[in-house]
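Q: Handing you a structure now.
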Amino acid sequence: MKKIIVLVLPVLAGIVLNAKDLKLSENNIPETVKALTLEEKAMLVVGFKVEKVSGAAGATCPIPRLGIPSITLADGPAGLRINPTRDGDEQTYYCTGFPIGMMMASTWNRDVVGKVGQAMGNEVLEYGVDVLLAPGANIHRNSMCGRNFEYYSEDPLLAGRTAAAFISGVQSQGVGTCIKHFALNNQETNRLICNSIVSDRAMSEIYLRVFEIAVKESQPWTVMTSYNCINGIQAAENKWLISDKLRGDWGFEGCVMTDWGGGYRAENIISSGNDMIQPGGQYWCDEIVRAVRDGRLDEKDLDACVGRVLELIVKTPTFKGYKYSDKPDLASHALVGREAAEEGTVLLKRTALPYAEGTDVALFGVGSYDFVAGGTGSGDVHRPYIIDLRDALSQGGFKLDGAVDEYYSEFMKLEAVRCRNIDTEAGLNLWFLEKERPLEALNRELVENAAKRAQTAVITLTRVSGESKDRLAATSFYLSSGEMDLIDCVAEAFHSEGKTVTVLLNVCGAVETASWKDKVDDILICYLPGQDGSRAVADILCGRVNPSGRLPLTLPIRWEDEPSSRNFPQILADKAANYSFYRNFYDGVVRNDVKNIDYTLYEEDIFVGYRYHSSVGQEVSYPFGYGLSYTDFEWSEPATRKVAGGWEVSVKVKNIGSREGKDVVEIYLAHPADGEYLPAEGRPTLELKGYAKTGTLGCRETETIKIFIPEWICDAAQGGKLPKGYCFTALRSAGSHFSSKKICDSSNL
Ligand code: BGC
9 MKKIIVLVLP VLAGIVLNAK DLKLSENNIP ETVKALTLEE KAMLVVGFKV EKVSGAAGAT
69 CPIPRLGIPS ITLADGPAGL RINPTRDGDE QTYYCTGFPI GMMMASTWNR DVVGKVGQAM
129 GNEVLEYGVD VLLAPGANIH RNSMCGRNFE YYSEDPLLAG RTAAAFISGV QSQGVGTCIK
189 HFALNNQETN RLICNSIVSD RAMSEIYLRV FEIAVKESQP WTVMTSYNCI NGIQAAENKW
249 LISDKLRGDW GFEGCVMTDW GGGYRAENII SSGNDMIQPG GQYWCDEIVR AVRDGRLDEK
309 DLDACVGRVL ELIVKTPTFK GYKYSDKPDL ASHALVGREA AEEGTVLLKR TALPYAEGTD
369 VALFGVGSYD FVAGGTGSGD VHRPYIIDLR DALSQGGFKL DGAVDEYYSE FMKLEAVRCR
429 NIDTEAGLNL WFLEKERPLE ALNRELVENA AKRAQTAVIT LTRVSGESKD RLAATSFYLS
489 SGEMDLIDCV AEAFHSEGKT VTVLLNVCGA VETASWKDKV DDILICYLPG QDGSRAVADI
549 LCGRVNPSGR LPLTLPIRWE DEPSSRNFPQ ILADKAANYS FYRNFYDGVV RNDVKNIDYT
609 LYEEDIFVGY RYHSSVGQEV SYPFGYGLSY TDFEWSEPAT RKVAGGWEVS VKVKNIGSRE
669 GKDVVEIYLA HPADGEYLPA EGRPTLELKG YAKTGTLGCR ETETIKIFIP EWICDAAQGG
729 KLPKGYCFTA LRSAGSHFSS KKICDSSNL
């Protein structure tokens, strides 16, 4: 016995001595976990209030005795979101307002998205932040989801690849990303608890596929779980989602965190493999300690989470002692954002565009004078400026009609008084409160006189949305009578003078276009294109830039045509707010009382967006993937060959028009049975399986595009083969409409 004590004491002394001197490094994470007390472990998996960077959304808790610093997390998808000013500090901390996520996807250009990621990542690094809480990658299940603007697309391949390009770009700067909201955060109404009832197939092929692609292609440092429940289990507490799918099946190596305030029971969050409870607070620390002590939580599960948090920390610039400048190069980043806006703008209709430089333009629509750069909520950015369309056009060499300009200037002054943002004025900036938008203005005499003077008219229509609230189709998808009257009046007056009208859609998502598109000559959709987006629009209007964006979403004829519209919340704002308020005091009970409030049925299964419309042969106003150009392209007969792990499709694209430009090749897997809509087992008529954008092609120039289509994303494939009758189809939209061209019958491939 004596011998044992003699042997054991020096060993114990050694451990104590080592633990005392231990400082975290990437080589001693298991030892560091062992050296932490239970309370310290709890503190590490719970967010902490450290205001190193003013306005950042969250941080982790420092444990100085073990050399563990606090790291900083900040939003969001369209630019870094931190406070632009600090008390007693002369310097400003503005961040570039880039185009919204939806517009990034609309570029169909991963290089451009990657460049935006690099620029944004550089601002993250230089402002002392470690992890950017972006990208938002949820599928646009229904166009009325209030946060669709932050997300990419109705298609998982386009969304997943765009997310991957963005993540790689940001992380190339040595900072982390956080892909969110995992998963099925497809509505804002009652988002904290609404139960998404969805089939395994729809999850695997659509709603989780986007995250799977992004994780496999770019390994984000972190993932944020969503607020909602999935088939009765909170996403933040969902072991199947986090440990089995994300880590097990897809090989995710990083750290998972809750959305802010998401998750209910500490022991379930931690044991599901969710590593960090944000934004945290003492309650959660105490709960975790209690849960371990009374046996609800196995300390081993806590240790696993702590280990992953430490693995995240050692990668960060803060841990590495990076001396940030607080002075990123905002001027050069503004150019990157502008380039993305140029690439993402979609020409929907073309008759007269582009205008000659110096054209006299009468600029209508309150949106032209109060241009919208981004959405609201945590996806908004404190940008240094927003260039109005009016200024962008004058700076871009257009001559603006003086009387129209004067009329709107006066009108906007009055509207500004009516729409005062009381919260902002009081310095509160309550981002969840909807800011009132100016009403549409119309003065018939002014329009008629302007039609005699100006050479052309531009009308801007706007829509804004944001976190915590869904859009209402009646007022947000459909145009107001004021907007319709404006289009009618301007079109009539200008057409009777033999002049043209362009409509610019400065919108957060789909709006109705079918009823009025024949009344105007040209239509552009520029989404919410960031602080310099209007400059990109000016360049497109005058032809300095040839538009090459393609829709990442369908513009249906009626909102009711969307397959999920039967199962999507459309209740009035005050009622929704009441419901949310009531339900948000979550008591851990998953209710199935009120449809679209307590639960949402994903009845349409995998038939989301164009997958539905193409399968039932339903006409839409502008289809997914659509977009025109100022030039024409000719495609060679494309070739498909079987290669290891998939197929390769190659297409030769030739610019046969008179301007330089870029084209997009979209490859779809086509199902033989057109018109089949069998939510439970049918396959859609069309599914995007690959795409690529050409470089800038001069007149008569050719580029061969080669697209690799991996087997694993072709759900119809069995044993590396496509079933009989399936084929890859290339769809072209640079022409009058969405014409399809069959490129090969792959039944024998
Ligand atoms: C949002 C997240 C955001 C977080 C931190 C939440 O309300 O859903 O997207 O990252 O706040 O600001």
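In the working numbering, each number is its position in the sequence shown, counted from 1, plus 8.
Glycine included, C-beta positions come from ideal geometry on N, C-alpha and C.
This structure is a prediction, so every number in the text was calculated from the model and none was measured.
1) Using DSSP bridges, identify the partner residues of residue 643.
2) Under the assumption that residue 544 contacts residue 695 (Cβ atoms under 8 Å), give the Cβ distance between them as a whole number of angstroms.
3) Would residue 739 be called buried (16 or more neighbouring beta carbons within 10 Å of its own) or exposed?
4) Going by C-alpha distance, which of 55, 365, 86 is nearest residue 385?
5) Could you check the C-alpha separation between residue 666 and residue 640 for me, to the nearest Å?
6) Taking 6 Å as the limit between beta carbons, can you name the residues of its chain near residue 522, skipping five residues before and five after?
7) So which of 105, 669, 653, 649 has the shortest CA-CA distance to residue 342?
8) If we ignore side chains and look at the alpha-carbon of each, how far apart do residue 285 and residue 647 end up?
9) Apart from the five residues on each side of it in sequence, which residues of its chain come closer than 6 Å, Cβ to Cβ, to residue 170?
10) Quick check: what's the CA-CA separation for residue 153 versus residue 635?
11) Within its chain, find whatever has a CB closer than 7 Å to the CB of residue 28; leave out the 5 residues flanking it on each side and keep chain order.
12) Determine which residues share a DSSP beta bridge with residue 655 and list them.
13) Grab me the residues of residue 254's own chain with a C-beta within less than 6 Å of its C-beta, minus the 5 sequence neighbours each way, in chain order.
14) Who are the Cβ neighbours of residue 456 in its own chain at under 7 Å, not counting the five residues just before and after it?
15) Helix or strand or just coil, what does DSSP make of residue 184?
16) Take the Cβ of residue 683 as the centre, count every other Cβ of all protein chains shown within 10 Å, and call the residue buried at 16 or more, exposed below.
17) Count the other C-beta atoms from every protein chain shown that fall within 10 angstroms of the C-beta of residue 180, then say buried if there are 16 or more, exposed otherwise.
18) Near residue 78, which residues of its chain fall below 8 Å by C-beta distance, leaving aside the five closest residues on each side in sequence?
19) Using the three-state DSSP reduction, which class does residue 293 fall into: helix, strand or coil?
20) What does a CB cutoff of less than 6 Å around residue 764 pick up in its chain, not counting 5 residues either side in sequence?
21) Start and end of the alpha helix (DSSP H) containing residue 549?
22) Between the stretch 122 to 142 and the stretch 327 to 338, can you find at least three pairs of beta-carbon atoms closer than 8 Å?
23) Less than 7 Å between C-beta atoms, sequence neighbours within five positions excluded: which residues of the same chain meet that for residue 520?
24) For residue 118, which option in 727, 698, 201 has the closest C-alpha, if you only look at C-alpha atoms?
25) Can you check DSSP and say which residues form a bridge with residue 608?
26) For residue 514, does the count of other Cβ atoms within 10 angstroms reach 16, so buried, or fall short, so exposed?
27) Please confirm if the stretch 593 to 602 is in contact with the stretch 667 to 674, defined as three or more CB-CB distances below 8 Å between the two stretches.
28) Using the Cβ count rule (16 or more neighbours within 10 Å means buried), how would you classify residue 8?
29) Since I believe residue 266 is in contact with residue 373 (beta carbons under 8 Å), could you give me their beta-carbon distance rounded to a whole number of angstroms?
30) So the candidates are 458, 359, 418, 390; which of them puts its Cα closest to the Cα of residue 2?
31) For the alpha helix (DSSP H) containing residue 217, list its first residue and its last residue.
32) Mapping DSSP to helix, strand and coil, what is residue 574?
33) Could you tell me which of 48, 720, 115 sits nearest to residue 346, measuring between CA atoms?
34) Is it buried or exposed, residue 245, if we count other Cβ atoms within 10 angstroms and call 16 or more buried?
35) Is residue 485 helix, strand or coil when you go by DSSP?
36) For residue 14, I'd like the list of residues in its chain whose CB is within less than 6 Å of its CB, leaving aside the five on either flank, ordered along the chain.
A: Quick look at the numbers:
1) According to DSSP, which records beta bridges pairwise, residue 643 is partnered with 661.
2) Contact between residue 544 and residue 695 fails: their C-beta atoms lie close to 31 Å from each other, not under 8 Å.
3) Result: buried.
4) Nearest to residue 385 by alpha-carbon distance, out of 55, 365, 86, is 86.
5) Rounded to whole angstroms, residue 666 to residue 640 spans 8 Å at the Cα level.
6) Cβ within range, chain order: 565, 629.
7) Ranking 105, 669, 653, 649 by Cα distance to residue 342 puts 105 first.
8) Distance from the CA of residue 285 to the CA of residue 647, rounded to the nearest whole angstrom, comes to 50 Å.
9) Beyond the five residues adjoining it in sequence on each side, residue 170 comes within less than 6 Å, by CB distance, of 112, 113, 121, 160 in the same chain, given in chain order.
10) Those two C-alpha atoms are separated by around 23 Å.
11) Sequence-distant partners of residue 28 (beyond 5 residues in either direction) whose C-beta falls short of 7 Å from its own C-beta are missing from its chain.
12) Assignment of beta-bridge partners to residue 655 by DSSP yields 650, 717.
13) 260, listed in sequence order.
14) Cβ contact annotation for residue 456 (same chain, cutoff 7 Å, sequence separation greater than five): 501, in chain order.
15) When secondary structure is reduced to three states using DSSP, residue 184 falls in the strand class.
16) Residue placement at residue 683 is poorly supported in this model, since its pLDDT is 49, which falls under 50; the coordinates still yield a value, given next. Classification for residue 683: exposed.
17) Here residue 180 is exposed. Its C-beta has fewer than 16 other C-beta atoms within 10 Å.
18) Taken in chain order, the residues that qualify are 56, 58, 60, 67, 68, 69, 70, 326.
19) The answer is helix: DSSP assigns residue 293 an H, G or I state.
20) Given that the chain is displayed from residue 9 to residue 757, the structure contains no residue 764 and the question cannot be resolved.
21) Element bounds for residue 549: 541 to 549.
22) Yes, the stretch 327 to 338 touches the stretch 122 to 142.
23) The residues 485, 486, 487, in chain order, have a CB closer than 7 Å to that of residue 520 in the same chain once the five nearest residues on each side in sequence are set aside.
24) Proximity to residue 118 across 727, 698, 201 peaks at 698, based on C-alpha coordinates.
25) Per DSSP, 204.
26) Answer is buried; the Cβ neighbour count reaches 16.
27) No, they do not touch.
28) With the chain represented from 9 up to 757, any question about residue 8 goes unanswered, as that position is not in the structure.
29) Residue 373 to residue 266, Cβ: 41 Å. No contact.
30) Because the chain is modelled from 9 through 757, residue 2 falls outside the range shown and cannot be assessed.
31) Here the alpha helix (DSSP H) through residue 217 covers 217 to 226.
32) The answer is helix: DSSP assigns residue 574 an H, G or I state.
33) Considering only alpha carbons, the answer is 115.
34) Around the Cβ of residue 245, a 10 Å sphere holds 16 or more other Cβ atoms; the residue is buried.
35) In this structure, residue 485 counts as helix in the three-state DSSP scheme.
36) With a pLDDT of 43 at residue 14, under the threshold of 50, the predicted position of this residue should be treated as unreliable, though the coordinate-derived value follows. The beta carbon of residue 14 is closer than 6 Å to none in its chain, skipping five residues each way along the sequence.
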